[in-house]
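**Student:** Residue numbers (the working numbering), protein chains in the order written: chain Y, -16 to 143; chain X, -16 to 143.
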DNA sequence: GATATCGTACTCGGATATACATTGTCCGAGTGGTGACGG
DNA sequence: CCGTCACCACTCGGACAATGTATATCCGAGTACGATATC
């Protein structure tokens, strides 16, 4: 049970977008280059985020992706949801209903499913409690002056 | 990010084993038949549980699988761990270290990884808090008399 | 009749195919900017 | 000199291939039970 690496890619990409002035974006190629990632595959993942309403896409020259709402209103869970989907990790196929001694009450989920549901709820709650603004702020706080300057220069090259 | 269906299969199989008298087991074929599952594939999953020390295997006629320790000491997490492995779902590949503006401090995990680590810890904690004995007790409590009789008869057929 | 030995049936264990999902790439659709042309 | 139009470069979007993992199966290794032959 492993998470798609697209989650890591887009989470870092969105963190970068969160550091930009409001309304300003970057093309997928630039987001990929920032971490030396495959441009085409990064573009594919960004599409998923656009469909989910996490980012907005702007076509044409000077276009790209930008956050669809304030970074403080975007949680890590939204990104996971956009890439991985909303399906629970544990999918109960009700095997208890089959076999020579089938269970009786199918209106309620089986005990095993209940535990997994509860565990996954706790997992999601943690991811929902952290916003992109939180992450961006933490990253910015730890950055050295040299890194800040490097980032500023790179952004100027990208934004023109 | 979906969990292997082997987790569901083996979790239900172990719940059945937990309902048996201590020291008594069932062959993989019987565990599969109990829920109409593919016998060969069920056997493969039970092997994983045996390697992890959750169950013991007994070869030869009259052999099979039985719990390796009391059901109260086996958690759902152990079963997940045996089937899925201990690898975290979110694997940080440190992409922040690459690209034109690499991060500075690599001794500490990045902020995004930290959040996922915390979330997964919460998830595992829930699974570790429930034992097979808890599940078996709950299943037994909800069972109707008819179902109990059906189960007893089936077990007698299997155990001789 | 008791005991040792062989054979047989049963079960686990790992090696081996197959199906499906994820990963990765490409080309067409759409859009804004830019330059040329005409008024 | 200004406005309009057409072209072009740029970017997203979805369709299409390659790879890896999970799924599914089979055959060999090992063990207990039972039958048989011998003492």
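Glycine included, each C-beta is placed from N, C-alpha and C at the ideal position.
#1: First and last residue of the beta strand (DSSP E) that includes residue 39/Y?
#2: Residue 101/X and residue 109/Y: beta carbons closer than 8 angstroms?
#3: Helix, strand or coil for residue 9/Y per DSSP?
#4: Report the residue ranges of all alpha helix (DSSP H) runs contained in full by the stretch 34 to 88 of chain X; include only those spanning at least 4 residues, in chain order.
#5: When you compare the CB of residue -5/X with every CB in chain Y, is at least one pair closer than 8 angstroms?
#6: Expressed to the nearest angstrom, what Euclidean distance is found between the alpha-carbon atoms of residue 120/X and residue 46/X?
#7: Of all the CB atoms in chain Y, is at least one closer than 8 angstroms to the CB of residue 105/X?
#8: Can you give me the start and stop residues for the alpha helix (DSSP H) that residue 18/X sits inside?
#9: For residue 138/Y, which residues from the same chain have a beta carbon less than 8 angstroms from its beta carbon, with the 5 sequence-adjacent residues on both sides left out?
#10: Would you mind telling me which residues of chain X sit closer than 8 angstroms to residue 56/Y, beta carbon to beta carbon, in chain order?
#11: Quick test of the definition: if touching needs 3 or more C-beta pairs under 8 angstroms, does the stretch 122 to 134 of chain Y touch the stretch 21 to 31 of chain X?
#12: For the alpha helix (DSSP H) containing residue 107/Y, name the first residue and the last one.
#13: Quick one: measure Cβ to Cβ for residue -16/Y and residue -13/X, integer angstroms, because I've assumed they're closer than 8 angstroms.
#14: Are the C-beta atoms of residue 82/Y and some chain X residue less than 8 angstroms apart?
#15: Can the beta-carbon of residue 72/Y be found less than 8 angstroms from the beta-carbon of residue 94/Y?
#16: Please name the residue in 13/X, 35/X, 79/X whose C-alpha comes closest to that of residue 26/X.
#17: Tell me which residue opens and which closes the alpha helix (DSSP H) that residue 124/X is part of.
#18: Quick one: give me the first and last residue of the alpha helix (DSSP H) that residue 131/X is part of.
#19: Is there a Cβ of chain X sitting closer than 8 angstroms to that of residue 52/Y, yes or no?
#20: Comparing C-alpha positions only, which one of 143/X, 97/X, 43/X, 105/X sits nearest to residue 98/Y?
#21: Would residue -16/X pass as an interface residue toward chain Y - the criterion being a Cβ-Cβ separation below 8 angstroms?
#22: With 8 angstroms as the limit, tell me which residues of the stretch 9 to 36 of chain Y have their beta carbon closer than that to any beta carbon of chain X; keep them in chain order.
#23: Listing by chain order, which chain Y residues have their CB less than 9 angstroms from the CB of residue 89/X?
#24: Please work out which residues of its chain come closer than 6 angstroms, Cβ to Cβ, to residue 144/Y, disregarding the five sequence neighbours upstream and downstream, and give them in chain order.
#25: Residue 48/X and residue 0/X - do their beta-carbons sit closer together than 8 angstroms?
#26: Are any of the Cβ atoms in chain X nearer than 8 angstroms to that of residue 65/Y?
#27: Near residue -8/Y, what residues of its chain come up, given a Cβ to Cβ distance below 7 angstroms and the 5 sequence neighbours on each side ignored?
#28: For a cutoff of 8 angstroms on Cβ pairs, would you count residue 116/Y as touching chain X?
#29: Does residue 37/X pass the burial test, meaning 16 or more other C-beta atoms within 10 Å, or should it be called exposed?
#30: Here's a check: name, in chain order, each residue in its chain whose Cβ is nearer than 6 angstroms to the Cβ of residue -11/Y, leaving out the five neighbours to either side.
#31: Run through chain X and tell me which residues come within less than 7 angstroms of residue 0/Y, C-beta to C-beta.
#32: Might you give, ordered along the chain, the residues of its own chain that have their beta carbon closer than 8 angstroms to the beta carbon of residue 89/X, omitting 5 neighbours on each side?
#33: Please report how far the alpha carbon of residue 43/Y lies from the alpha carbon of residue 17/Y, in whole angstroms.
**Tutor:** Working from what's here:
#1: 38 to 41
#2: yes
#3: strand
#4: 59 to 67
#5: yes
#6: 26 angstroms
#7: yes
#8: It is not in any alpha helix (DSSP H) - residue 18/X carries neither H nor E in the DSSP assignment.
#9: These residues qualify, in order along the chain: 3.
#10: By Cβ distance, chain X contributes nothing, its closest Cβ being about 17 angstroms from residue 56/Y, past 8 angstroms.
#11: Cβ pair count under 8 angstroms is below three, so no.
#12: 94 to 111
#13: With 8 angstroms as the limit, residue -16/Y and residue -13/X qualify as a contact, their Cβ atoms being about 7 angstroms apart.
#14: yes
#15: Pairing residue 72/Y with residue 94/Y gives a Cβ-Cβ distance that is not under 8 angstroms.
#16: Taking the Cα of residue 26/X as reference, the smallest distance to any Cα among 13/X, 35/X, 79/X is reached at 13/X.
#17: 115 to 125
#18: 128 to 142
#19: It does not: the Cβ of residue 52/Y has no partner Cβ on chain X nearer than 8 angstroms.
#20: 105/X
#21: yes
#22: 16, 17, 18, 19, 20
#23: Ordered by position in chain Y, no residue passes the 9 angstroms Cβ test against residue 89/X, which lies about 12 angstroms from the chain.
#24: With chain Y represented from -16 up to 143, any question about residue 144/Y goes unanswered, as that position is not in the structure.
#25: Yes. Within cutoff.
#26: Residue contact check for residue 65/Y against chain X: no CB pair falls below 8 angstroms.
#27: 20, 25, 28
#28: No, no contact with chain X.
#29: buried
#30: 28, 66
#31: Per Cβ cutoff of 7 angstroms: no residues; residue 0/Y is ~14 angstroms from chain X at best.
#32: 77, 80
#33: Near 21 angstroms, if we compare the C-alpha coordinates of residue 17/Y and residue 43/Y.
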